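J.: To start, I am sharing the structure in question, which I have written as structure tokens.
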Amino acid sequence: MDVLDLARIQFGVTTVYHFLFVPVTIGLSLLVAILQTMWRSTGKSVYLRATKFWGKLFLINIAMGVVTGLVQEFQFGMNWSAYSRFVGDVFGAPLAFEALVAFFLESTFIGVWIFGWDRLKPGLHLTCIWLVAFGTMASAYFILAANAFMQNPVGYQLNETAGRAELTDFGAVLSNPVALAAFPHTVFASWLTAGVVVVAVSGYHFMHRRDLDVHRPAMRLGVMTTLVGGLGLILSGDSLSKVMTSTQPMKMAAAEALYQTTSNAPFSVLTIGSLDGRHGTPIIEIPGLLSFLATGSFGGTVQGINDLNAQYNDLFGPGDYVPYIPLTYWSFRFMIGFGLLSMAMAVIVWWFTRRGRLPEHRLFWPIAMWMAVTPFLANSSGWIFTEMGRQPWVVFSLYQTSEAVSPRVGAATVATSLIGFTLVYLVLAVIALKLFFKYAKAGPPPEEQALASSSPSDDPDKPMAFAY
Numbered sequence: 032m033d034v035l036d037l038a039r040i041q042f043g044v045t046t047v048y049h050f051l052f053v054p055v056t057i058g059l060s061l062l063v064a065i066l067q068t069m070w071r072s073t074g075k076s077v078y079l080r081a082t083k084f085w086g087k088l089f090l091i092n093i094a095m096g097v098v099t100g101l102v103q104e105f106q107f108g109m110n111w112s113a114y115s116r117f118v119g120d121v122f123g124a125p126l127a128f129e130a131l132v133a134f135f136l137e138s139t140f141i142g143v144w145i146f147g148w149d150r151l152k153p154g155l156h157l158t159c160i161w162l163v164a165f166g167t168m169a170s171a172y173f174i175l176a177a178n179a180f181m182q183n184p185v186g187y188q189l190n191e192t193a194g195r196a197e198l199t200d201f202g203a204v205l206s207n208p209v210a211l212a213a214f215p216h217t218v219f220a221s222w223l224t225a226g227v228v229v230v231a232v233s234g235y236h237f238m239h240r241r242d243l244d245v246h247r248p249a250m251r252l253g254v255m256t257t258l259v260g261g262l263g264l265i266l267s268g269d270s271l272s273k274v275m276t277s278t279q280p281m282k283m284a285a286a287e288a289l290y291q292t293t294s295n296a297p298f299s300v301l302t303i304g305s306l307d308g309r310h311g312t313p314i315i316e317i318p319g320l321l322s323f324l325a326t327g328s329f330g331g332t333v334q335g336i337n338d339l340n341a342q343y344n345d346l347f348g349p350g351d352y353v354p355y356i357p358l359t360y361w362s363f364r365f366m367i368g369f370g371l372l373s374m375a376m377a378v379i380v381w382w383f384t385r386r387g388r389l390p391e392h393r394l395f396w397p398i399a400m401w402m403a404v405t406p407f408l409a410n411s412s413g414w415i416f417t418e419m420g421r422q423p424w425v426v427f428s429l430y431q432t433s434e435a436v437s438p439r440v441g442a443a444t445v446a447t448s449l450i451g452f453t454l455v456y457l458v459l460a461v462i463a464l465k466l467f468f469k470y471a472k473a474g475p476p477p478e479e480q481a482l483a484s485s486s487p488s489d490d491p492d493k494p495m496a497f498a499y
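The structure is reproduced here in structure tokens:
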């Protein structure tokens, strides 16, 4: 492999690994805030115990997310310095706001929330976790605005002399149609992910018949969050697909392996063949669905890969502007399929646990717990599709990926860092999973302990204590 291939693999590994934690952080921050609000509004200790329990798992996840996210910043200087030079003036602005506004807000108030259980007034303490939840979503928006520039560059001017893009309208970058469409889609995906995690962990305790007074309301909240997130994904995905068609028509064509411009274009659920335009054979199709996703009309016309590639040759010069079709085709379907499986699991769990019921079949809860991997597979597939469908561009229509790698970094250097990061991430994965499983199995704290650690103290000299 050459430097470009190795650098792309490394960025893909670190990005997908980091994004395993991001949706859980966004979703769990909201669910913990809801549970604490329910405790403050009802006074029922079961909600306090649930808040403490899920708060601990939330903190484990957010710590791993921060650690793995730091690597992303370094890679722009390590393997992608040419990209950083070309687009840094634009790309860096939303990233700076993410750090200075969203991340500072999130990290400050998560600390106050952790240490403030017995120091702050209940209403003020509750406000802290809601600010954390808001901060996680604000952080996501700024990151998506930066990524949206790569999908649909706006708010810039090209300095031909310096050979770089320069920021002219930060408002246009923040209001990029791709960012506006991708943000709700990402948030709903996070809610679905967190909801499934709650259902799976609560399912473990249902299986062992432990602390059901705490886990049954958490289970209901998880099921509801999963379904709301799933329905939101369907609606926001429809909006995002139309924005994608208008800004990156090649990506939409690659999602279906559609080589010829077609009206009433079908969506194939399953295709057998090479997907290279010669041997692919759709065996399950939904007529007109691709046209509806792309244009809002079942009879709409969707441009094909061959026509688009010819247009891009006229616009940008001779070359192959087609992404790797098998990966875009299947990642798009895995994203949709695993998301629907998550929703189906939530519906089944709700049905068999309604009105205080407890499923008796010995395989019910193990299957429900293993289904927790489905939203993570859907999220990873979605990011792979988003990034691979843009190729060969790193900034669509402006800058190709082959031009973006660091010019003086050799293949051996990138391979060494790739192996090093992968090994470190494997170690972190073992640590994270052990911690998560350990505290997930331990269950919520006893009622006396939870109440004792959550009562504000009148002693101003009492040292702060770590609540977890």
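Heads up, the sequence shown is in this note's numbering, so the first residue is 32 and it goes up one at a time.
Here a beta-carbon is modelled for each residue, glycine too, at the ideal position from N, C-alpha and C.
Predicted model only: the values in this text are computed from it and were never measured.
Among W381, E418, K75 and S373, which one has its Cα closest to the Cα of A403?
T.: For A403, the nearest C-alpha among the options comes from S373.
J.: Which residue comes first and which comes last in the alpha helix (DSSP H) that contains L188?
T.: The amino acid occupying residue 188 in the given sequence is Gln; Leu does not appear at that position. Element bounds for Q188: not the alpha helix (DSSP H) but the beta strand (DSSP E), Y187 to N190.
J.: For F214 and V333, what's the separation of their Cα atoms in angstroms?
T.: Near 25 angstroms, if we compare the C-alpha coordinates of V333 and F214.
J.: Okay, do the stretch 231 to 246 and the stretch 181 to 195 touch, 3+ Cβ pairs below 8 angstroms being the bar?
T.: No contact exists between the stretch 231 to 246 and the stretch 181 to 195.
J.: So V425 is in the beta strand (DSSP E); what residue range does that whole segment cover?
T.: It spans W424 to V426 - the beta strand (DSSP E) in which V425 sits, taken as one unbroken run.
J.: Per the DSSP calculation, A196 is bridged to which residue(s)?
T.: Its beta-bridge partners are L189.
J.: Looking at C-beta atoms only, is the number of pairs between the stretch 72 to 85 and the stretch 471 to 479 that lie closer than 8 angstroms three or more?
T.: Output reads yes: the stretch 471 to 479 touches the stretch 72 to 85.
J.: Identify every residue that forms a DSSP beta bridge with E316.
T.: In the DSSP output, where bridge partners are listed per residue, E316 has S299.
J.: Taking the beta carbon of H392 as the centre, do at least 16 other beta carbons fall within 10 Å, making it buried, or is it exposed?
T.: Exposed, because fewer than 16 other Cβ atoms sit within 10 Å of the Cβ of H392.
J.: Pull up the distance between the alpha-carbon of D200 and that of M275, whole angstroms please.
T.: Near 22 angstroms, if we compare the C-alpha coordinates of M275 and D200.
J.: Assign D242 to buried or exposed, taking buried as 16 or more other Cβ atoms, counted over all protein chains shown, within 10 Å of its Cβ.
T.: It counts as buried.
J.: Do you know whose CA, among I303, H49, A179 and T432, lies nearest W111's CA?
T.: The residue with the shortest Cα to Cα distance from W111 is T432.
J.: According to DSSP, simplified to helix, strand and coil, what is Q279?
T.: Note: Q279 maps to coil in three-state DSSP.
J.: Verify whether the separation of the beta carbon atoms of T224 and P406 is less than 7 angstroms.
T.: Yes, these two residues count as a Cβ contact at 7 angstroms.
J.: Once the 5 residues before and after S448 are set aside, which same chain residues still bring their CB inside 6 angstroms of it?
T.: Correct list: empty, nothing qualifies.
J.: Give me the DSSP bridge partner(s) of V333.
T.: DSSP output for V333 lists T293 as bridge partner(s).
J.: Taking C-beta to C-beta, are I314 and L301 nearer than 7 angstroms?
T.: Cβ atoms of I314 and L301: closer than 7 angstroms.
J.: Are the CB atoms of F52 and N92 within a distance shorter than 7 angstroms?
T.: Yes, the Cβ-Cβ distance between N92 and F52 is below 7 angstroms.
J.: Which residues in the same chain have their Cβ closer than 6 angstroms to the Cβ of A409, if we skip the five residues on either side of it in sequence?
T.: Cβ within range, chain order: M366, F369 and G370.
J.: Looking only at C-alpha atoms, which of Y355, L482 and A435 sits nearest to L35?
T.: Residue A435 is the option with its Cα nearest to L35.
J.: When the Cα atoms are used, what is the spatial distance from Y360 to E287?
T.: Looking at the two C-alpha atoms, the distance is approximately 6 angstroms.
J.: Helix, strand or coil: which one does DSSP assign to Y78?
T.: The answer is helix: DSSP assigns Y78 an H, G or I state.
J.: Taking one C-beta from the stretch 34 to 49 and one from the stretch 92 to 102 each time, how about it: are there three or more such pairs within less than 8 angstroms?
T.: Output reads yes: the stretch 92 to 102 touches the stretch 34 to 49.
J.: Please report how far the alpha carbon of V44 lies from the alpha carbon of V445, in whole angstroms.
T.: Computed Cα separation, rounded: 13 angstroms.
J.: Name the one or two DSSP bridge partners that Q431 has.
T.: Paired residue(s): W424.
J.: Check the C-beta distance from G420 over to A285 and give it rounded, since I have them as a contact under 8 angstroms.
T.: With a Cβ gap of about 5 angstroms, G420 and A285 count as contacting.
J.: Taking V55 as the reference, which of A164, S272 and G441 has the closest Cα?
T.: Out of A164, S272 and G441, A164 has the C-alpha closest to the C-alpha of V55.
J.: To the nearest whole angstrom, what separates the beta carbons of D120 and R195, a pair I think is in contact under 8 angstroms?
T.: About 7 angstroms separates the two Cβ atoms, so the contact holds.
J.: Is H216 helix, strand or coil by DSSP?
T.: Helix, per DSSP.
J.: Could you give the DSSP three-state label for D149: helix, strand or coil?
T.: Here D149 sits in coil by DSSP.
J.: For A210, which residues from the same chain have a beta carbon less than 6 angstroms from its beta carbon, with the 5 sequence-adjacent residues on both sides left out?
T.: Excluding residues within five positions, the ones whose Cβ falls inside 6 angstroms are L175, A176 and A179.
J.: Beta-carbon within less than 6 angstroms of F383's beta-carbon, same chain only, minus the 5 sequence neighbours each way: which residues are those?
T.: Contacts found: P390.
J.: Sorted by chain position, which residues of the same chain lie with C-beta nearer than 8 angstroms to A481's C-beta, five sequence neighbours on each side aside?
T.: Cβ neighbours of A481 beyond the five flanking positions: S76, L79, R80, K83 and P475.
J.: Taking just the CA atoms, how far does V455 sit from I57?
T.: Their backbone Cα atoms lie some 24 angstroms apart in a straight line.
J.: How should A335 be labelled, buried or exposed, when 16 other C-beta atoms within 10 angstroms of its C-beta is the threshold for buried?
T.: Here the sequence assigns Gly to residue 335, which means Ala is not the residue at that position. Buried is the call here.
J.: Return helix, strand or coil for A463, following the three-state DSSP convention.
T.: A463 falls in the helix class under three-state DSSP.
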